[in-house]
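Position one of the sequence shown corresponds to residue 1 (full-length UniProt numbering), numbered consecutively onward. We put the beta carbon where it would ideally sit given N, CA and C, even for glycine. Computed from a prediction, not measured in an experiment: that's the story for all the values here.
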Amino acid sequence: MADEVGLVVCQSFSCNISRCVRLSCALALVSGTTYVLYKYIKKSTEFSRNDFKETAPFIRQVLFFPDKKIACKSFLSGVNCSRSICPYAHEDTSLSKLIKTIMKAKSTLDVCVFTINCHELANAVVELHKKGVVVRILTDDEQMGSSGSQIQKFREQGIRVRHDLSSFFMHHKFVIIDNCLIANGSFNWTRQAVTGNRENVVITNEAQIVKAFSEEFEKLWIEYDPASRS
């Protein structure tokens with residue numbers, strides 16, 4: 001009888017030990033899995049942070065016109081004005097901010113604007129072209145011959161220009177800088193728009209918006225190709 005009791009006790013003890021071993025293994029497995037998961041999440045988080053640091057800062061800026069004065073050419077160039085009395089603005093204006101945005105272009109500048117007769121903006125475009133930036137311009141056919149139009153100046157400098165041939169307007173007013181930044185709004189590139197009209201320009205590098213405008217430009221660039229009309 002005592003032997004049978006001892007056998008039962010031993011079996012019960014063995015079962016408890018076996019359960020403890022299985023439980024310990026399970027806990028170890030869970031702990032190991034948790035640690036691996038923690039390391040993965042930590043690594044992923046660090047990777048995302050590194051990516052975030054390497055990503056260009058988000059840009060969203062709104063400009064309103066009219067300006068009280070045209071920005072001084074010397075001020076725009078970053079040099080001291082030699083005039084004792086200068087009739088132009090020597091502080092940042094909406095026009096000067098737009099020109100500074102355009103001058104950020106390093107490789108490409110795509111201009112799609114209804115009418116262009118503002119000398120300050122035209123000079124910025126020509127300067128970028130001379131620096132080796134690839135410039136393309138889309139405009140409205142009826143506005144090319146309007147008073148003060150800068151289109152002939154662009155062509156004389158070797159800048160490629162295309163236009164519509166329609167009774168309707170090519171009425172866009174946007175510019176794309178390096179395919180990563182756009183400026184778009186109601187603003188035509190005219191002196192009247194700079195110092196007279198109520199106008200707006202939104203500047204952003206939001207990828208989806210830039211992509212949409214880039215696709216529109218490419219579509220029109222192909223559509224307005226003179227070779228496709230013959």
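- Note on the segment 155-216: whole beta strand (DSSP E) runs with a minimum of 3 residues are 160-163, 173-177, 181-185 and 199-204, in chain order.
- For Leu76, the number of other beta carbons within 10 angstroms of its own is at least 16, and it is reported as buried.
- In the three-state scheme derived from DSSP, where H, G and I count as helix and E and B as strand, Gln61 is classed as strand.
- For Thr108, the enclosing beta strand (DSSP E) starts and ends at Thr108 to Val113.
- In the DSSP assignment, Ile99 falls within the unbroken alpha helix (DSSP H) covering Ser94 to Ile102.
- Counting C-beta pairs with one atom in each stretch, the segment 115-129 and the segment 86-94 have fewer than three that are closer than 8 Å, which means they do not touch.
- Inter-residue distance for Ala71 and Trp221 is about 32 Å (C-alpha atoms, whole angstroms).
- Look at Arg136 here: in three-state DSSP terms it is strand.
- Across the structure, Ile159 and Gln61 are spaced so that their CA atoms are roughly 28 Å apart.
- The C-alpha of Gln208 lies about 46 Å from the C-alpha of Ile85.
- DSSP, reduced to helix, strand and coil, places Ile85 outside both helices and strands of the structure shown, so it counts as coil.
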